[in-house]
Every structure is written in C-alpha cells, then in structure tokens.
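Numbering (the working numbering), first residue to last: 1 to 310.
Comments concern the structure below.
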Ligand code: C2E
Ligand code: CA
Ligand code: CA
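Here's what the structure looks like:
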C-alpha cells in the first residue's frame, strides 16, 4: 500500500541566531520542538524564548528524576458509569506536584518516556492502584474494575507481565480487577501483540485508549486480545456538531458490538453528548458531566457502594 510521510522543520540562521554550529543545532532543535507542538508537518524559525522553554523542560526532567523518592506523585480516580449512572469502573490518573504546583501529565509523561523513567514510575502507579483497591476493600467498599494507563515502553521491559502479577499477589488483588489501558497509536506495533497476550493470559483486562486516533484496521483489531475500546475525547467533544466525528463514534460502537468489545466514551461533558452516545448503544461513560478525577476518599464517598455485610 501507499506510505505517507510527514516532516516538521526547525530552522536557525547563521549568523543571526548564533555563530557556533553546536548552538545553531541546539536552536534548530528548540524550534523543531515548538513546530511539533504547534501542528504536525509545520515549521518554525528559532526565537529566543524557545531557549527558555527548552530550559524549563530540562529543569522539569531533572526534577522528575527524584520525584518518586520525594513522594511527589499521587493518583486520582475518575469514575466510569453505565447508562443508569451506576459506577462500573474508575481510571487511575497520575498527578505530579512540584512545590505545590501541579504539572500536567501531558507535559511530564512524555518527558518520563524519553528518559525511560516511565518504567519505575509506571510500576509505582500500578502498585499504588493495587494498594488502593486493597485499602478500599478493607474499608468496606465495593470496588469496581480499576483502569491503569500503561506506556508501551513499560510493556517492552522483559518480564513485565510477571512483575505486574507479583504486585497483584503482594496486595491480594485479583488481576481481573484491573484493566490496562494502552493507546491505539502505540499498539500498532505488532511486536507488542505477544506481550499483550501474556497480559491477557495473566488475567488482566486490556483496553485500547484514544481509539479513533491511530487508524487501526479491523484485521488488526481482531488479532488483539483486548476487551474494550475507549473513544478518544476529541471525537466525543465534537460529536454533537460535527457529522464526521458523530459518524466515527457510531462506527466505533457498531464495530465493538460486532466484535463483542466494551466501549467507554471518555471526555463526556454535556447531556447532549451523553444522550447521543446512549442512542448509539454506548454502555460506559467517563467525563466531567459526571465527575472529574477525585481523591480516593472522595471517589469512595461519592461513587462507591458499601459492600454487603456478611
Ligand atoms: P488519557 O488516558 O486519555 O486520560 C484522560 C484524560 O482526560 C485525563 O487527563 C482526564 O483528566 C481528562 N478528562 C476526563 N474527563 C474529561 C472531560 O470531560 N473533558 C476533558 N476535556 N477532559 C477530560 P489527565 O489526567 O491530564 O491525563 C492526561 C494523559 O496523561 C492521559 O490521557 C494519559 O495518556 C496520561 N497519563 C495519566 N496518568 C498516567 C499514568 O499513570 N501512566 C501513563 N503512562 N500515562 C498517564
Ligand atoms: Ca487513559
Ligand atoms: Ca484517552
């Protein structure tokens, strides 16, 4: 088939931006980074403030190194509801606070992935979620399935499935009470199918995150041992007004139905979006219409049921 390639350009000029080749390259890299964040396939000329941005990225990356040890991470949980608004799950979302200020995950997760730090951080997330499940249970709460985000960099670590199994065993949590969310674009790499199968065989649920953004073919989907698709929030956002996004939401629901997969719509913010998704047969919902990500105590108080005594 046809292959399509795109390119982003970062440009620095001799001698205006610098007289040294090393520095010119560094400036071009800063400009490239800005080009990539602005839009795919665009270009940027170097301007001095890019150096500032690069510097603050470097500073963040440096701080990220000690963040685990300093206990700067926490998990918050966003409920997933069925059509009757009963809690059927919750997604664990990582929070990092530096000097009391929250750094958005979309900023620090890519940094952690670049440096490989996502491996220990991801394990911390997984263990914290296991601990939380055990703690809620001990507190007498009925705990729904908890979804944890996993980066494919973690999946590629030898012995990943065994490491997760050991953590569930340590905390007395059955693997089936956890779902691992993997983004669609990362799952396109077929070398991961074997690892995905190991995880499924270990008893974990698997979910494809940001579905609709990664161009999975039906054939690929059928080859994957997943039980759930999450419709990306960009499609939910415009589904009420944009015909092609509405079409995509409807198609994902129909496809999932055919393949026997669950669908979670994420980023549901309005009643109109909810009603539309219900009309498409969608069964699970996550978004600010219901609740943002909450501390464990608030999630239990507002969204969990007491387990039956005896
Ligand atoms: P994601 O997995 O797609 O998570 C959903 C994001 O949508 C969360 O952002 C959540 O707060 C936000 N969200 C929830 N409801 C709504 C809504 O109604 N409207 C809108 N506009 N947004 C909503 P958050 O917490 O900032 O996380 C951003 C991304 O960071 C996540 O996207 C995920 O890719 C990554 N991430 C978060 N925690 C982890 C983690 O523990 N490990 C890894 N590898 N990635 C993580
Ligand atoms: Ca997710
Ligand atoms: Ca998502």
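Ideal Cβ positions, reconstructed from N, Cα and C, are used throughout, including at glycine.
Is residue i close to ligand 3? I mean its beta-carbon at under 7 Å from any heavy atom of the ligand.
| i | result |
| --- | --- |
| residue 49 | no |
| residue 269 | no |
| residue 228 | no |
When you compare each of the options to residue i by their alpha carbons, which one comes out closest?
| i | options | result |
| --- | --- | --- |
| residue 26 | 7, 37, 47 | 47 |
| residue 160 | 276, 134, 139, 197 | 197 |
| residue 123 | 21, 114, 68, 133 | 68 |
| residue 195 | 164, 156, 211, 171 | 156 |
| residue 167 | 182, 193, 133 | 133 |
| residue 162 | 241, 185, 203 | 203 |
| residue 38 | 10, 21, 15 | 10 |
| residue 99 | 114, 78, 71, 112 | 71 |
| residue 36 | 6, 226, 180, 301 | 6 |
| residue 33 | 22, 51, 16 | 51 |
What are the residues that DSSP puts in a beta bridge with residue i?
| i | result |
| --- | --- |
| residue 141 | 306 |
| residue 179 | 147, 205 |
| residue 159 | None, per the DSSP bridge assignment. |
| residue 79 | 90 |
| residue 97 | 102 |
| residue 230 | 264 |
| residue 284 | 264 |
| residue 44 | 10 |
| residue 74 | 95 |
| residue 211 | 231 |
| residue 224 | For residue 224, which the question treats as bridged, DSSP gives no partner whatsoever. |
| residue 294 | 77 |
With a threshold of 7 Å (Cβ to nearest heavy atom), would residue i be considered close to ligand 1?
| i | result |
| --- | --- |
| residue 288 | yes |
| residue 181 | yes |
| residue 157 | no |
| residue 375 | For the chain, the structure presents residues 1 to 310; residue 375 sits outside this window and is missing. |
| residue 253 | no |
| residue 15 | no |
| residue 118 | yes |
| residue 293 | yes |
| residue 177 | no |
| residue 53 | no |
| residue 242 | no |
| residue 109 | yes |
| residue 203 | no |
| residue 104 | yes |
| residue 78 | yes |
| residue 317 | Because the chain is modelled from 1 through 310, residue 317 falls outside the range shown and cannot be assessed. |
So is the beta-carbon of residue i under 7 Å away from any non-hydrogen atom of ligand 2?
| i | result |
| --- | --- |
| residue 262 | no |
| residue 232 | no |
| residue 91 | yes |
| residue 209 | yes |
| residue 149 | yes |
Do residue i and residue j have their C-beta atoms closer together than 8 Å?
| i | j | result |
| --- | --- | --- |
| residue 178 | residue 214 | no |
| residue 145 | residue 137 | no |
| residue 28 | residue 8 | no |
| residue 228 | residue 255 | no |
| residue 30 | residue 24 | no |
| residue 303 | residue 74 | no |
| residue 306 | residue 140 | yes |
| residue 207 | residue 279 | no |
| residue 165 | residue 158 | no |
| residue 125 | residue 95 | no |
| residue 218 | residue 249 | no |
| residue 233 | residue 209 | no |
| residue 291 | residue 78 | yes |
| residue 193 | residue 224 | yes |
| residue 240 | residue 211 | no |
| residue 184 | residue 216 | yes |
| residue 274 | residue 259 | no |
Between the region 82-91 and the region 122-129, are three or more C-beta pairs nearer than 8 Å?
As far as the Cβ criterion goes, the region 82-91 does not touch the region 122-129, which means the pair count is below three.
How do the region 143-156 and the region 182-191 stand: do at least 3 beta-carbon pairs fall below 8 Å, yes or no?
In short, these stretches touch, since the Cβ pair count reaches three.
Across the region 55-71 and the region 34-44, are there enough close Cβ pairs to call them in contact, namely three or more that are closer than 8 Å?
No, the region 55-71 is not in contact with the region 34-44.
Is it a yes or a no for the region 60-75 touching the region 105-112, going by three-plus beta-carbon pairs under 8 Å?
yes
Does the region 294-303 come close enough to the region 265-279 that 3 or more CB-CB pairs lie under 8 Å?
no
Counting pairs of beta carbons, one from the region 279-289 and one from the region 78-87, are three or more of them closer than 8 Å?
yes
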